[in-house]
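There are 2 protein chains.
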Amino acid sequence: MNEDDLIARHFAPLAGEGGLGLLDDAARIASVTGHDLVITCDALVAGVHFFADDPADAIASKALRVNLSDLAAKGATPRGFVLALALPKHDEAWLASFARGLKRDSEAFSFPLLGGDTVKTPGPLMVSVTAFGTVPEGRMVPRTGARAGDALYVTGTIGDAALGLLERQGQISAGQGGAHLVARYLMPEPRNALAPALLEHAHAAMDVSDGLIGDLTKMMRVSGVTAEVKLADVPLSPAARSVVGMDEALFTRALTGGDDYEVLASIPADKARAFEVAAEALGVSVTRIGEVKASTQAPTFCWADGRALNVVGGSYSHF
Amino acid sequence: MNEDDLIARHFAPLAGEGGLGLLDDAARIASVTGHDLVITCDALVAGVHFFADDPADAIASKALRVNLSDLAAKGATPRGFVLALALPKHDEAWLASFARGLKRDSEAFSFPLLGGDTVKTPGPLMVSVTAFGTVPEGRMVPRTGARAGDALYVTGTIGDAALGLLERQGQISAGQGGAHLVARYLMPEPRNALAPALLEHAHAAMDVSDGLIGDLTKMMRVSGVTAEVKLADVPLSPAARSVVGMDEALFTRALTGGDDYEVLASIPADKARAFEVAAEALGVSVTRIGEVKASTQAPTFCWADGRALNVVGGSYSHF
Numbered sequence: 113m114n115e116d117d118l119i120a121r122h123f124a125p126l127a128g129e130g131g132l133g134l135l136d137d138a139a140r141i142a143s144v145t146g147h148d149l150v151i152t153c154d155a156l157v158a159g160v161h162f163f164a165d166d167p168a169d170a171i172a173s174k175a176l177r178v179n180l181s182d183l184a185a186k187g188a189t190p191r192g193f194v195l196a197l198a199l200p201k202h203d204e205a206w207l208a209s210f211a212r213g214l215k216r217d218s219e220a221f222s223f224p225l226l227g228g229d230t231v232k233t234p235g236p237l238m239v240s241v242t243a244f245g246t247v248p249e250g251r252m253v254p255r256t257g258a259r260a261g262d263a264l265y266v267t268g269t270i271g272d273a274a275l276g277l278l279e280r281q282g283q284i285s286a287g288q289g290g291a292h293l294v295a296r297y298l299m300p301e302p303r304n305a306l307a308p309a310l311l312e313h314a315h316a317a318m319d320v321s322d323g324l325i326g327d328l329t330k331m332m333r334v335s336g337v338t339a340e341v342k343l344a345d346v347p348l349s350p351a352a353r354s355v356v357g358m359d360e361a362l363f364t365r366a367l368t369g370g371d372d373y374e375v376l377a378s379i380p381a382d383k384a385r386a387f388e389v390a391a392e393a394l395g396v397s398v399t400r401i402g403e404v405k406a407s408t409q410a411p412t413f414c415w416a417d418g419r420a421l422n423v424v425g426g427s428y429s430h431f
Numbered sequence: 113m114n115e116d117d118l119i120a121r122h123f124a125p126l127a128g129e130g131g132l133g134l135l136d137d138a139a140r141i142a143s144v145t146g147h148d149l150v151i152t153c154d155a156l157v158a159g160v161h162f163f164a165d166d167p168a169d170a171i172a173s174k175a176l177r178v179n180l181s182d183l184a185a186k187g188a189t190p191r192g193f194v195l196a197l198a199l200p201k202h203d204e205a206w207l208a209s210f211a212r213g214l215k216r217d218s219e220a221f222s223f224p225l226l227g228g229d230t231v232k233t234p235g236p237l238m239v240s241v242t243a244f245g246t247v248p249e250g251r252m253v254p255r256t257g258a259r260a261g262d263a264l265y266v267t268g269t270i271g272d273a274a275l276g277l278l279e280r281q282g283q284i285s286a287g288q289g290g291a292h293l294v295a296r297y298l299m300p301e302p303r304n305a306l307a308p309a310l311l312e313h314a315h316a317a318m319d320v321s322d323g324l325i326g327d328l329t330k331m332m333r334v335s336g337v338t339a340e341v342k343l344a345d346v347p348l349s350p351a352a353r354s355v356v357g358m359d360e361a362l363f364t365r366a367l368t369g370g371d372d373y374e375v376l377a378s379i380p381a382d383k384a385r386a387f388e389v390a391a392e393a394l395g396v397s398v399t400r401i402g403e404v405k406a407s408t409q410a411p412t413f414c415w416a417d418g419r420a421l422n423v424v425g426g427s428y429s430h431f
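Those protein sequences? They're chains A and B, same order as listed.
Note that our numbering has the first sequence beginning at 113, numbered continuously upward.
Note that our numbering has the second sequence beginning at 113, numbered continuously upward.
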């Protein structure tokens with residue numbers, strides 16, 4: 113089976129209108145008057161970003177969802193994606209499962225395949241997705257727009273995936289909550305439903321993929337401000353709370369370990385209540401975790417008694 | 113040096129306006145009223161698509177140019193690109209050279225960097241580029257539009273890169289012309305200058321990247337037609353002609369070996385002269401090599417005496 117046959121069998125059935133049946137050299141996105149295109153790209157490598165023996169459909173889902181998460185944080189409506197796939201071998205069953213995973217999420221998120229490239233590699237599997245969304249003209253929610261006085265929010269719960277990875281590696285034993293944590297590592301839940309509320313209210317937003325502490329620090333730095341985060345307010349799932357208990361090292365790991373794919377948003381204080389109401393109406397849980405302050409110092413992460421968390425490093429680096 | 117530092121040092125200086133200084137999660141392409149976006153993606157893997165020890169700036173150029181070539185064939189004006197880079201190690205000198213190559217061609221083709229992702233890999237270097245161009249609404253030149261009666265044209269010369277690869281591997285010895293052939297393998301010359309003439313005149317076009325015979329066969333198949341190509345009319349460079357001589361096996365290799373990055377275009381017969389004039393005005397050499405016929409048989413590639421070339425395979429497969 114050559115590349116064309118492979119594409120015709122596994123990928124052409126997923127092609128959206130702009131993908132032209134994957135018969136052309138290129139895809140097309142028709143102009144949408146009054147809208148900007150938002151573009152994001154995340155690449156995943158076996159052994160670095162996932163385990164090579166993860167189910168193929170889960171790898172496909174993760175590759176789409178980490179990109180959908182970026183679009184969500186920008187307030188963008190998903191429009192489609194391009195897939196570059198480097199395959200170490202030809203395995204029909206694996207490809208069929210991978211294509212099923214793509215199809216499932218492509219349909220669930222109205223996110224058609226537009227094109228791509230399939231190549232062989234003597235190295236590990238690599239999946240690189242370039243994702244497209246649209247926002248009303250000039251309205252993309254930036255990472256750089258946080259202002260002193262803003263309230264900081266995160267969606268969902270923080271740290272599950274980082275603890276799920278530890279559980280999977282046998283470094284912790286989370287008991288009953290273990291399956292939840294591992295599932296959160298394997299399968300991100302991008303918060304695309306929240307996009308309209310971010311467009312309406314957020315000064316700035318980004319998706320939390322490299323750990324809350326590192327990513328929040330990054331957003332404050334590029335916005336030219338700092339933040340005070342109340343650790344007691346950071347939302348943990350019951351499973352994460354049960355694992356972390358009183359262990360500050362594990363709590364730190366939960367806040368720096370990455371793979372959350374939740375949204376961090378900076379909301380003007382006078383819009384905070386409206387944002388909470390909008391998020392609830394959209395079915396996305398959001399939690400206020402701190403405030404933006406006018407300083408270029410590093411953000412502080414403090415317990416209720418004022419003691420700061422001792423963070424070494426701060427961010428998990430996939431690189 | 114972490115990923116952020118690497119990006120800030122090597123890639124942020126290349127970012128176009130839509131790249132937002134590479135400080136955000138996403139890039140933006142502002143809506144261009146009355147224009148469609150054309151998207152193409154080509155991934156290159158060390159040891160498959162180039163030699164791992166090729167100069168880093170040449171690898172960068174090739175990654176951009178193979179994508180620029182796709183945009184050219186679609187009649188699109190280049191607007192920018194997103195880069196996914198999987199690095200086997202951190203090598204500052206290599207990265208600096210790679211970034212220089214990107215910068216050179218980014219400037220030469222008005223093709224700004226918009227964003228991307230840099231990851232580490234335990235495998236070979238991989239460079240995946242997703243490229244963007246614009247065409248007037250509904251005007252992208254398709255691969256599927258060739259019609260019976262059209263004249264078939266190619267740009268430049270065919271087979272140089274395939275022979276250059278053989279020269280480089282020591283399988284042939286091309287003498288004085290060797291350097292030209294190797295250079296054509298290492299550094300494609302995308303025909304973006306021809307885009308306006310293709311937009312104006314072409315029923316169909318594609319870039320020749322997997323060998324003229326295979327790619328022409330593909331274009332005829334998806335257009336539901338066939339073609340008769342006159343082998344004596346296929347343009348060869350003096351270096352290629354000197355190597356090929358009377359050796360039909362080498363000539364076949366030149367027509368099937370890939371990496372040409374020339375444009376194959378199907379032009380209505382009554383526009384053929386106007387297309388030639390337009391191409392000349394744009395400084396791109398084009399050669400008429402055959403005609404499109406109404407049949408779904410495979411295309412024929414014939415010598416002047418009517419004898420057909422005996423092609424086994426037909427197309428080099430990178431996959």
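Backbone N, C-alpha and C define an ideal beta-carbon position, used for all residues, glycine too.
Helix, strand or coil at Leu158/B [DSSP, three-state]:
According to the sequence shown, residue 158/B is Ala rather than Leu. Three-state DSSP puts Ala158/B in a strand.
Work out the CA separation of Glu388/A and Gly261/A for me, nearest whole Å.
17 Å
Answer with yes or no whether the minimum CB distance from His147/B to chain A is below 8 Å.
yes
So the candidates are Val178/A, Pro167/A, Val239/A, Thr246/A; which of them puts its Cα closest to the Cα of Ile151/A?
Thr246/A
If we require 3 or more residues per run, which beta strand (DSSP E) segments fall completely within the stretch 210-242 of chain A?
225-232
Residue interval of the alpha helix (DSSP H) (run including Asp117/B)
115-118
Does the beta carbon of Pro236/A come closer than 8 Å to any beta carbon on chain B?
yes
Quick one: what does DSSP say Val247/B is sitting in, helix, strand or coil?
strand
Touching by the beta-carbon criterion (3+ pairs, under 8 Å), the stretch 409-424 of chain A and the stretch 194-201 of chain B
no
Starting from the N-terminal side, write out each stretch of the alpha helix (DSSP H) that is 4 residues or longer and does not extend beyond the stretch 335-411 of chain B.
350-356, 360-368, 384-394
Give me the Cα-Cα distance between Thr399/B and Asp154/B, rounded to the nearest whole angstrom.
26 Å
So is Ala316/B buried or exposed if we call it buried at 16+ other beta carbons inside 10 Å?
buried
Under the assumption that Gly257/B contacts Val341/B (Cβ atoms under 8 Å), give the Cβ distance between them as a whole number of angstroms.
Their Cβ separation, rounded to whole angstroms, is 18 Å, which puts Gly257/B and Val341/B out of contact at 8 Å.
Contact criterion: CB-CB distance below 8 Å. Does Val194/A meet it with respect to chain B?
yes
Where does the unbroken beta strand (DSSP E) through Ile141/B begin, and where does it stop?
139-141
Quick one: which chain A residues come within Cβ less than 9 Å of Ala273/B?
By Cβ distance, chain A contributes nothing, its closest Cβ being about 17 Å from Ala273/B, past 9 Å.
With DSSP collapsed to three states, give me the class of Met252/A.
coil
Leaving aside the five residues before and after Ala172/A along the sequence, list all residues of the same chain whose C-beta is less than 6 Å from its C-beta, in chain order.
Phe210, Gly213, Leu214
For the stretch 237-253 of chain A, which residues have a beta carbon sitting closer than 7 Å to at least one beta carbon of chain E?
No chain E appears in this structure, whose protein chains are A and B.
Beta carbons nearer than 8 Å to chain A: which residues of the stretch 153-165 of chain B have them?
Cys153, Asp154, Ala155, Leu156, Val157, Gly159, Val160, His161
Rounded C-alpha distance that separates Ala305/B from Met318/A
39 Å
My understanding is that Ser143/A touches Gly146/B, with C-beta atoms under 8 Å, so please give their C-beta distance in whole angstroms.
7 Å
Mapping the DSSP letters down to three states, classify Leu421/B as helix, strand or coil.
coil
Just the chain B side, please: which residues come within less than 8 Å of Gly227/A by C-beta, in chain order?
Ile151, Thr152, Cys153
Determine whether the Cβ of Phe258/A lies closer than 8 Å to any Cβ atom of chain B.
Here the sequence assigns Ala to residue 258/A, which means Phe is not the residue at that position. False, the Cβ-Cβ gap to chain B never drops below 8 Å.
Give the secondary structure of Val150/A by DSSP, where H, G and I count as helix, E and B as strand, and everything else as coil.
strand
State the Cα-Cα distance for the pair Ile141/A and Pro248/B, rounded to the nearest angstrom.
12 Å
Do Leu310/A and Leu376/A have their C-beta atoms closer together than 8 Å?
no
For Val194/A, the first and last residue of its enclosing beta strand (DSSP E):
189-199
Would you say Arg296/A lies against chain B (beta-carbon separation less than 8 Å)?
no
Under the three-state DSSP convention, the category Val144/A falls into
coil
My output table needs one value for Asp327/B: the three-state DSSP class, helix, strand or coil.
helix
Quick check: is the beta carbon of Ser222/A nearer than 8 Å to any beta carbon in chain B?
no
Roughly how many angstroms lie between the CA atoms of Arg419/A and Arg259/A, to the nearest whole one?
25 Å
Close Cβ partners of Phe431/A (< 7 Å) along its chain, the five nearest in sequence each way excluded
Residue placement at Phe431/A cannot be trusted, given a pLDDT of 42 that sits under 50; the coordinates are not used to answer.
Do Ala188/A and Ala307/A have their beta-carbon atoms positioned less than 8 Å apart in this structure?
yes
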